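Chains as they are written, first to last, in the working numbering: chain A, -13 to 155; chain B, 394 to 674. All residues carry an ideal CB built from backbone N, CA and C; glycine is no exception. From a predicted model like this one, the values you see are computed outputs, not experimental measurements. Below you'll find the structure, written out as C-alpha cells, and then a few comments.
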C-alpha cells in the first residue's frame, strides 16, 4: 500500500513538473518539487524510505529527460539518505526545519550539477549561476515547500504510511 | 539470514554500492546511440499521453490569462499605434528597397509549405525537461511516424532543434538554445560560416545562441540573418535560425563571436514540424 502511494506521488510529481511547471516559471526558474518530496519523506519517515524515494524519483527524471541515466537518481538518493539520518533528531512538525533542509538540498544538488558540468568542460561561471539560477531556484522551491510539506504531513497521519521498511529485507 | 542482518545494520554499505552502480550507469548511458532504451520507452508510453493532456490544459489556461492581460493593454497600445502609423508611412519608402531582401527571407520562412517533401510530420510538444538547466523537450510522435535521430525540428518561425532520441510514439528534442547543442550556420548576407551554440547553460538563461568561429575579416553587423549551412548532413540547408544581436571579439581569440536571437519563441512552443536533411533519406 505504502509503496503504491509513493509510486503514485512520484509519477504525479514528474507529470506536474514537466507539464505544469513550465507555465509557472519565474525568470526561467521553476521549483524543484522532487527535492521537497525527498526532504518531506526524510523528515517524516527517515531511512530507508527517503533514500528509496530519492532513488526512484531521480531515476524517473533520468529516464524521461536525462541524457545519462543515474545522475539525478544518485543526487536525490544521497540527499534522501543524508537528511534521513536526522530523522527523529529534529522537530519534524516545524515548517522552518523542512524549509532549511529543502534549501540545503537544492543548493547541494545544484553545486553537484555545476561540478559535473565543470568537469564536462563546459564554460561556466559559479558567480553568475549562483545569482541567476541557484539562488532563485532555492527561493522558489522554499516558497512552495509549505504546501507540499503540509500535504505530506496530512498523508502521514494515516496508519499505513507508518509501516517501516528495512534495508535488506 | 546472517547476511541480511549484516546489511540491515550497515545501510551505508548499500548506499555506497548503489552510488557506485549509478555512477557506472551514468558513464555507460552517456554514450548512448540515440535509441531510447527499453525502460525509457515503457515509461514514456505511459507518461506521454497524460503529459499531453495536462500540457494542453495548462497552456490553454495560460493563454486565456495572457489574453485578458492583452486586452487591458489594448487602450494604451492604440495611442502608440497611431504614432507608429505616421512613422511607418515614412518607413514604407525604405521598405521598398528592402523588399528584395524580404522576399528572400520569406522563402526561408515558408520552408514548410515550399519544401513539403522534406517534412516528415507535425508534432505537439508534450512536456519539458523539469530542470532549470537545459532545454530538452518531448514531442508526441516517434519511430512509428517516421522520425529518426538527428532530424531537424522547425516551426514556421525557424529552427527549433534536433531529435536526439526516439521512442515508438515519442521523441526527445534538444533545442538550439541548449548549452550542449551546436549547429553549423551561415550568415545569410556575408556567407560566413560558423558554429551556433546554445547559451542556456548555468546563468545565461536568456534564450540566445552564440555563433562562434566566425572569421576575423567577416563584415557581419547587428541584424544580419543566420541560416543553417547544411554542412554535416544533419540539418537541411537554409533553415532560418535567427538574427545577430551583438558581435564581439575578445582579444585573445582568433575569431569573432556573435550573439544570436533565435527566431523561435521557446517559451511558447506548442506545435512543431519534423524535417529531414535530404529527400532521398
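Discussion item. Looking at chain B, is there any beta carbon in it that lies within less than 7 Å of the beta carbon of residue 3(A)?
Written reply: yes
Worksheet item: What number of angstroms, rounded off, separates the C-alpha of residue 29(A) from the C-alpha of residue 72(A)?
Response: 7 Å
Fill in: Backbone secondary structure at residue 522(B) - three-state DSSP
coil
Discussion item. For residue 156(A), report the span of its alpha helix (DSSP H) as first-last.
Written reply: Here chain A comprises residues numbered -13 to 155, so residue 156(A) is not present and cannot be evaluated.
Worksheet item: For residue 18(A), which three-state DSSP category applies?
Response: coil
Worksheet entry | Amino acids of chain A, ordered along the chain, whose beta-carbon sits closer than 7 Å to that of residue 529(B) | 51
Discussion item. Between 104(A), 3(A), 23(A), which has its C-alpha nearest residue 91(A)'s C-alpha?
Written reply: 23(A)
Fill in: Exposed unless 16 or more other CB atoms sit within 10 angstroms - verdict on residue 581(B)
buried
Fill in: For residue 56(A) and residue 38(A), the rounded distance between their alpha carbons
14 Å
Practice prompt. Taking only the alpha-carbon atoms, compute the straight-line gap between residue -7(A) and residue 3(A) and give it to the nearest angstrom.
Written response: 15 Å
Worksheet entry | Beta carbon of residue 613(B) nearer than 7 Å to that of residue 576(B) | no
Discussion item. Suppose contacts are defined by Cβ-Cβ distances below 7 Å. Is residue 17(A) in contact with residue 130(A) by that definition?
Written reply: yes
Discussion item. Taking the beta carbon of residue 544(B) as the centre, do at least 16 other beta carbons fall within 10 Å, making it buried, or is it exposed?
Written reply: buried
Worksheet item: Does any CB atom of chain A fall closer than 7 Å to the CB of residue 412(B)?
Response: yes
Worksheet entry | Neighbourhood of residue 104(A) by C-beta, 7 Å cutoff - its chain only, sequence neighbours within 5 removed | 110
Practice prompt. Report the rounded CA-to-CA distance for residue 661(B) versus residue 8(A), giving the unit in angstroms.
Written response: 10 Å
Worksheet item: Roughly how many angstroms separate the alpha carbons of residue 497(B) and residue 629(B), rounded to a whole number?
Response: In this prediction, residue 497(B) has a pLDDT of 48, which is less than 50 and means its spatial position is unreliable; what the coordinates show is noted afterwards. One C-alpha to the other measures close to 17 Å.
Worksheet item: Among all the DSSP beta bridges, which residues are the ones paired with residue 567(B)?
Response: 529(B), 555(B)
Worksheet entry | For residue 571(B) and residue 149(A), the rounded distance between their alpha carbons | 44 Å
Worksheet item: Residues of chain A with a CB under 7 Å from the CB of residue 521(B): which are they?
Response: 4, 8
Worksheet entry | Buried or exposed (CB count within 10 angstroms, at least 16 for buried), residue 450(B) | exposed
Fill in: Residues near residue 84(A) in its chain [Cβ-Cβ closer than 7 Å; skip 5 each side]
25, 26, 29, 131, 135
Discussion item. With distance defined between alpha-carbon atoms, name the residue in 579(B), 416(B), 484(B) nearest to residue 60(A).
Written reply: 416(B)
Practice prompt. State yes or no: is the beta carbon of residue 26(A) nearer than 7 Å to at least one beta carbon in chain B?
Written response: no
Worksheet item: Roughly how many whole angstroms lie between the Cα atoms of residue 13(A) and residue 70(A)?
Response: 32 Å
Worksheet item: Going along chain B in order, which residues have a C-beta closer than 7 Å to the C-beta of residue 67(A)?
Response: 408
Discussion item. Please classify residue 472(B) as buried or exposed, where buried requires at least 16 neighbouring CB atoms within 10 angstroms.
Written reply: exposed
Worksheet item: For residue 32(A), does the count of other Cβ atoms within 10 angstroms reach 16, so buried, or fall short, so exposed?
Response: buried
Item to complete: Could you confirm whether any beta carbon from chain B is found closer than 7 Å to the beta carbon of residue 12(A)?
Response: no
Worksheet item: When the Cα of residue 102(A) is compared with those of -10(A), 1(A), 54(A), which residue comes out closest?
Response: 54(A)
Item to complete: Give a yes or no on whether 7 Å exceeds the smallest Cβ distance from residue 60(A) to chain B.
Response: yes
Worksheet item: Beta-carbon of residue 516(B) versus every beta-carbon of chain A: anything under 7 Å?
Response: no
Fill in: residue 74(A) in three-state terms, based on DSSP
coil
Worksheet item: Tell me which same chain residues have a C-beta within less than 7 Å of the C-beta of residue 123(A), skipping the five on either side of it?
Response: 15, 18, 92, 96
Practice prompt. Express the C-alpha separation of residue 652(B) and residue 607(B) in angstroms, rounding to a whole number.
Written response: 11 Å
Worksheet item: For residue 676(B), is the classification buried or exposed, using 16 other Cβ atoms within 10 angstroms of its Cβ as the cut-off for buried?
Response: A question about residue 676(B) goes unanswered here, because the residues of chain B that appear run from 394 up to 674.
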